[in-house]
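Counting with the working numbering, you get residues 4 to 405 for the letters of the sequence shown.
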Amino acid sequence: MKIVDAKVIICSPGRNFVTLKVTTEDGIYGLGDATLNGRELAVASYLTEHVLPLLIGRDARRIEDIWQYLYKGAYWRRGPVTMASIAAVDTVLWDIKAKSLNTPLYQLLGGASREAVLVYGHASGAGVEETVKAVAHYLELGYKAIRAQSGIPGLASTYGVGRGGMYYEPAEKDAPPENIWSSEQYLNFVPGLFARLRKEFGDDIPLLHDAHHRLTPIEAARLGKSLEPFHLFWLEDPTPAELQESFRLIRRHTTTPLAVGEVFNSIFDCQQLIQEQLIDYIRTTVVHAGGISHLRKIANLAEIYQVRTGAHGATDMSPVCMAAALHFDLSVHNFGIQEYMHHSAETDTVFPHSYSFEDGLMHPGETPGLGVDINESLAAKYPYQRAYLPINRKLDGTMHSW
Ligand code: GCO
Ligand code: MG
Numbered sequence: 004m005k006i007v008d009a010k011v012i013i014c015s016p017g018r019n020f021v022t023l024k025v026t027t028e029d030g031i032y033g034l035g036d037a038t039l040n041g042r043e044l045a046v047a048s049y050l051t052e053h054v055l056p057l058l059i060g061r062d063a064r065r066i067e068d069i070w071q072y073l074y075k076g077a078y079w080r081r082g083p084v085t086m087a088s089i090a091a092v093d094t095v096l097w098d099i100k101a102k103s104l105n106t107p108l109y110q111l112l113g114g115a116s117r118e119a120v121l122v123y124g125h126a127s128g129a130g131v132e133e134t135v136k137a138v139a140h141y142l143e144l145g146y147k148a149i150r151a152q153s154g155i156p157g158l159a160s161t162y163g164v165g166r167g168g169m170y171y172e173p174a175e176k177d178a179p180p181e182n183i184w185s186s187e188q189y190l191n192f193v194p195g196l197f198a199r200l201r202k203e204f205g206d207d208i209p210l211l212h213d214a215h216h217r218l219t220p221i222e223a224a225r226l227g228k229s230l231e232p233f234h235l236f237w238l239e240d241p242t243p244a245e246l247q248e249s250f251r252l253i254r255r256h257t258t259t260p261l262a263v264g265e266v267f268n269s270i271f272d273c274q275q276l277i278q279e280q281l282i283d284y285i286r287t288t289v290v291h292a293g294g295i296s297h298l299r300k301i302a303n304l305a306e307i308y309q310v311r312t313g314a315h316g317a318t319d320m321s322p323v324c325m326a327a328a329l330h331f332d333l334s335v336h337n338f339g340i341q342e343y344m345h346h347s348a349e350t351d352t353v354f355p356h357s358y359s360f361e362d363g364l365m366h367p368g369e370t371p372g373l374g375v376d377i378n379e380s381l382a383a384k385y386p387y388q389r390a391y392l393p394i395n396r397k398l399d400g401t402m403h404s405w
């Protein structure tokens, strides 16, 4: 089943997406997401200049061999640009294989391990009471797990607070927005937020929170400890995880479950975290961690250590990635939860898909392959627009992690 055509489609139906489309000699095509928020054209160029010429003529059925060919064959390993490119190719090939066998992808990955996929949605507000209202709204919509983020009094902006409605898009056109940060004010504020949420909604609804890489390990330990009475489902990215051993310090102080890994690209980025049982959920996702083939290896390693998956699913993962993630989530044994943020209506019409949401659960659908398509003529009406994620400075102007 020779590959005869491969192209990168860049579009911006509300936000930028990079999509790989590969066609075989028998007319079957597959799609893969290659979006790297704020650095989209680097991946597009890696694919177009260096990868696509290598794909033409290759047998699309040899998924593992092509993965190794692109990974080992580049000599230069890992990194978000390389791994998003390989992920896109890998996703395309799984889509093609499943379509050629006339089966939804999850059946090829071992079949369903559960009836449907538990997802969490993003509730946020400018302050505590607005966040309470947002959580109530998500409950009305049927969500069974909810992430809560709130603005902090005294700080003009912070991570995770939407600009109204249910959409949260941190990337902005032309120049990176500048946020101001105080870990002290944040640490003083967050326990009160969760005390209020538990008072309002009781003990049973799983609540999540994302600290977005902003604390030092000992600050993260303090936050985890102070949130213990409110038993979070997880505390995400409490400290940057380049230094994996820093999680030992956090673990010594708190039983709050930890989730890490949305910025990881490979199994080597989370090997120590998993093997030392320093985390509870691994957040690597299809597009940023080498595709379905590599994600399976991460999940298999995690399974031995009772670490569960909790894949990143913000709106910068395109519907192509979302579909792939849902097939993966449905099939993998040690699935934990899947993040789900609605895409805009424009995005959903550019990428028609068979996955669905009902009563807090999602299912990838029964369409052969990933069950997602791209309307290329519509996509062409939304040209790429340069956009940047925000940067973050402390009150005295020092650059900080965003
Ligand atoms: C999350 C993430 C996102 C990222 C975004 C960056 O938990 O959903 O932290 O909000 O910031 O995906 O592109
Ligand atoms: Mg996050």
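Even for Gly, the Cβ is constructed at its ideal location relative to N, Cα and C.
Cβ-based burial, W470 [other Cβ within 10 Å; buried from 16]: With the chain covering 4 to 405 only, the question about residue 470 has no answer from this structure.
Cβ-based neighbour list, L50, same chain, cut-off 7 Å, excluding 5 preceding and 5 following: V11, L23, A37, S88 and A91
8 Å CB neighbourhood of W70 in its chain, flanking five on each side removed: I89, V92, D93, G293, G294, S296 and H297
Distance cut-off 6 Å: G213 Cβ against heavy atoms of ligand 1: At residue 213 the sequence reads Asp, which differs from the Gly that was named. Yes, since a heavy atom of ligand 1 falls inside the 6 Å radius drawn around the Cβ of D213.
Sub-7 Å separation of I340 and Y146 beta-carbons: no
Any non-hydrogen atom of ligand 1 closer than 6 Å to N40 Cβ: yes
C324, enclosing beta strand (DSSP E) - first and last residue: That residue, C324, is in no beta strand (DSSP E); its alpha helix (DSSP H) goes P322 to S334.
Any 3 or more C-beta pairs closer than 8 Å across the region 331-339 and the region 310-320: yes
Beta strand (DSSP E) runs wholly inside the region 341-374, at least 3 long, in chain order: 359-361 and 364-366
Close Cβ partners of F271 (< 8 Å) along its chain, the five nearest in sequence each way excluded: R81
Sufficient close CB pairs (3 or more, under 8 Å) joining the region 143-160 to the region 360-369: yes
CA nearest to the CA of L230, picked from R199, F267, Y162 and L398: R199
D98 beta carbon less than 7 Å from that of G163: no
Three-state class that DSSP yields for A101 in the structure shown: helix
Separation of D319 from A390, as counted between CA atoms: 12 Å
Proximity test, E245 beta-carbon vs ligand 2 heavy atom, cut-off 6 Å: no
Selected residue, minimal CA-CA separation from E279, among K300, Q110 and L304: L304
L142 versus I208: straight-line alpha-carbon distance, rounded: 9 Å
For I394, the residue or residues it bridges with in DSSP: E181
Start-to-end residues for the alpha helix (DSSP H) that takes in L57: L55 to L58
Option nearest V131 by Cα separation, candidates L235, I155 and T287: I155
Short Cβ contact (7 Å threshold) for A9 with V25: yes
Extent of the continuous alpha helix (DSSP H) run through T418: Past the edges of the chain, shown from 4 to 405, lies residue 418, and the structure says nothing about it.
Residue range of the alpha helix (DSSP H) that includes I12: Looking at the DSSP string, I12 is not in any alpha helix (DSSP H); the run it does join, the beta strand (DSSP E), is I6 to C14.
Beta-carbon contacts of P173 that lie in its chain and below 7 Å, excluding the five residues immediately before and after: L392 and P393
Whole-angstrom distance between A129 and A68, CA atom to CA atom: According to the sequence provided, residue 68 is Asp. The question's Ala does not apply to it. Taking the straight line joining both Cα atoms gives about 49 Å.
Short Cβ contact (7 Å threshold) for V375 with H356: yes
Interface flag, D36 vs chain D, CB-CB below 7 Å: Here chain D cannot be found, since the structure has a single protein chain.
Cβ-Cβ distance between P243 and H216 below 7 Å: yes
CA nearest to the CA of L44, picked from T85, D62 and R64: T85
Nearest neighbour of A178, chosen from I377, S269, G41 and A101 [CA to CA]: G41
L235 and L196 closer than 7 Å at C-beta: no
L100 burial status per 10 Å Cβ neighbour count (16 or more: buried): The sequence shown places Lys at residue 100, not Leu. So K100 ends up on the buried side.
Buried versus exposed call for G35 [16 or more other C-beta atoms within 10 Å across all chains shown]: buried
Contacting residues, own chain, Cβ-Cβ under 6 Å from Y39 (five flanking each side not counted): In the sequence under discussion, the amino acid at residue 39 is Leu, which differs from the Tyr named in the question. The answer, listed in chain order, is V46, P83 and A87.
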